[in-house]
Amino acid sequence: MTLAPLLFALVMWFVGTGAVVWLDSRPRATFRTSFRMAGIVALAATAVVWATRGAYDATGAYIGFAAAIAIWGWHELGFLMGFVAGPNHTPRPADATGWRRFRLATATVIHHELALAATALALAALTWGQPNQSATLTFALLFALRLSAKLNLYLGVPNLSDEIFPEHLAYLKTHFGRPRAMNALFPFSLLLAGGAFWWAWSVADATSGGTATAATLIAGLAALGFVEHLFLVLPLRDGAMWRWASNRAVKPVVITGGEPNHGQ
123 MTLAPLLFAL VMWFVGTGAV VWLDSRPRAT FRTSFRMAGI VALAATAVVW
173 ATRGAYDATG AYIGFAAAIA IWGWHELGFL MGFVAGPNHT PRPADATGWR
223 RFRLATATVI HHELALAATA LALAALTWGQ PNQSATLTFA LLFALRLSAK
273 LNLYLGVPNL SDEIFPEHLA YLKTHFGRPR AMNALFPFSL LLAGGAFWWA
323 WSVADATSGG TATAATLIAG LAALGFVEHL FLVLPLRDGA MWRWASNRAV
373 KPVVITGGEP NHGQ
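As numbered in our numbering, residues 123 to 386 make up the sequence shown, in order.
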């Protein structure tokens with residue numbers, strides 16, 4: 123086992139996220155073209171997953187991982203650009219609590235979550251019974267980490283990490299929970315990411331070839347997910363890492379009287 127897959131996972135995560143932030147921060151007139159071009163890339167990546175599903179070597183693991191990141195990036199653009207989110211595009215009513223609040227919040231993102239779930243199932247079907255599971259495992263882990271992060275934002279965390287949110291999705295911020303020191307889900311979220319890292323690292327340590335490479339890539343992604351969850355509770359802004367990729371000014375979040383003021 124080498125550290126090269128960990129570095130590859132870090133670079134793919136950094137470049138992929140930076141590309142999404144840059145495209146999403148450009149004028150809205152460019153969104154449709156960017157989304158279509160990204161869709162072509164995602165289709166090509168899906169074809170690559172199918173073509174390399176039998177590749178039982180390190181190269182196949184790298185290709186599958188990169189393809190999953192490309193497909194994921196297309197989904198992220200669809201969400202951040204407002205093409206695929208949910209039927210609810212309105213701020214949370216002040217009197218919405220309990221089940222009603224959860225239902226309204228879910229309706230802001232449900233179409234995107236269903237699209238992600240459908241893609242995960244499609245990748246699983248494409249690679250079912252095949253030796254190269256790198257793409258499927260990568261996408262599944264990204265999906266799990268994303269759901270965990272969204273639920274934590276809904277329940278409330280100290281750091282909303284919303285600096286790079288586009289203005290046309292400002293209504294989503296109103297569905298976040300109030301900033302709080304901790305919520306009941308957060309420790310389990312860390313266990314999820316930490317457990318995924320431990321499992322993947324153990325597999326990588328006990329195997330060789332493509333299996334070890336794929337497992338190390340997954341371990342690297344799980345470690346990044348663990349760190350991203352920590353940003354939700356630490357007094358650090360992960361949005362600052364992406365200012366170089368954004369064409370718009372980053373609006374800080376100012377907490378006044380326990381309610382988030384997003385500078386809108």
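Glycine is no exception: its CB is placed at the ideal position from the N, C-alpha and C atoms.
- Any alpha helix (DSSP H) of 4 or more consecutive residues that is wholly inside the region 279-362: Segments of the alpha helix (DSSP H) lying fully in the region 279-362: 292-295, 308-328, 331-352.
- Query: Which term fits valine 137, buried or exposed, when burial requires 16 or more other beta carbons within 10 angstroms of its beta carbon?
  - Reply: Classified as exposed, valine 137 has fewer than 16 neighbouring CB atoms from the shown chains inside 10 Å of its CB.
- Message: Pop quiz: isoleucine 191 and alanine 164 are said to be a contact at Cβ under 8 Å. What is the actual Cβ separation, rounded to whole angstroms?
- Response: Contact flag wrong, Cβ pair sits at about 10 Å.
- Item | Top-ranked residue by Cα proximity to threonine 260, from Thr124, Thr174, Ala131 | Distances from the alpha-carbon of threonine 260 to those of Thr124, Thr174, Ala131 put Ala131 closest.
- Query: Is there contact here, the region 334-352 with the region 177-191, by at least three beta-carbon pairs under 8 Å?
  - Reply: The answer is yes - the region 177-191 touches the region 334-352, with three or more Cβ pairs under 8 Å.
- Message: Judging by CA-CA distance, which residue of Lys295, Leu243, Ala244, Gly195 is the nearest neighbour of glutamate 231?
- Response: First, the amino acid is wrong: residue 231 is valine here, not glutamate. Of Lys295, Leu243, Ala244, Gly195, the residue nearest in Cα terms is Lys295.
- Item | Whole-angstrom distance between tryptophan 321 and alanine 345, CA atom to CA atom | In a straight line, the C-alpha of alanine 345 is about 12 Å away from that of tryptophan 321.
- Item | Whole-angstrom distance between glycine 342 and histidine 211, CA atom to CA atom | Their Cα atoms are separated by approximately 35 Å.
- Leaving out five residues on either side along the sequence, give the residues of the same chain with a beta carbon under 8 Å from the beta carbon of tryptophan 196. Result list for tryptophan 196: Phe157, Ala160, Gly161, Val163, Ala164, in chain order.
- Item | Buried versus exposed, by CB contacts within 10 Å (16 or more), arginine 300 | It is exposed - the Cβ of arginine 300 has fewer than 16 other Cβ atoms within 10 Å.
- Query: Hey, quick one: how far does the alpha helix (DSSP H) through alanine 166 stretch, first residue to last?
  - Reply: According to the DSSP assignment, alanine 166 belongs to the alpha helix (DSSP H) that extends over 153-173.
- Query: Who are the near neighbours of glycine 347 in its chain, counting only those whose CB is closer than 6 Å to its CB and skipping five residues on each side?
  - Reply: Cβ neighbours of glycine 347 within its own chain (closer than 6 Å, five residues either side excluded): Leu267, Ala315.
- Message: Let's test the definition: count the other Cβ atoms within 10 Å of the Cβ of phenylalanine 319 and tell me whether it reaches 16, buried, or not, exposed.
- Response: Residue burial annotation: phenylalanine 319 is buried, with at least 16 other C-beta atoms found within 10 angstroms of its C-beta.
- Task: Quick one: using the 10 Å Cβ neighbour count with 16 as the cut-off for buried, is methionine 134 buried or exposed?
- Result: Buried is the call here.
- Query: Using a C-beta cutoff of 8 Å, does alanine 237 count as contacting chain C?
  - Reply: In the structure shown, chain C cannot be found, because there is only a single protein chain.
- Item | Nearest-angstrom Cα separation, counted from glutamate 198 out to leucine 226 | In a straight line, the C-alpha of leucine 226 is about 21 Å away from that of glutamate 198.
- Query: Fully enclosed by the region 214-252, which alpha helix (DSSP H) runs are 4 residues long or longer?
  - Reply: Fully enclosed alpha helix (DSSP H) runs of 4 or longer: 220-229, 232-248.
- Task: Could you spell out where the alpha helix (DSSP H) holding asparagine 254 opens and where it closes?
- Result: Per DSSP, asparagine 254 belongs to no alpha helix (DSSP H) and is neither H nor E.
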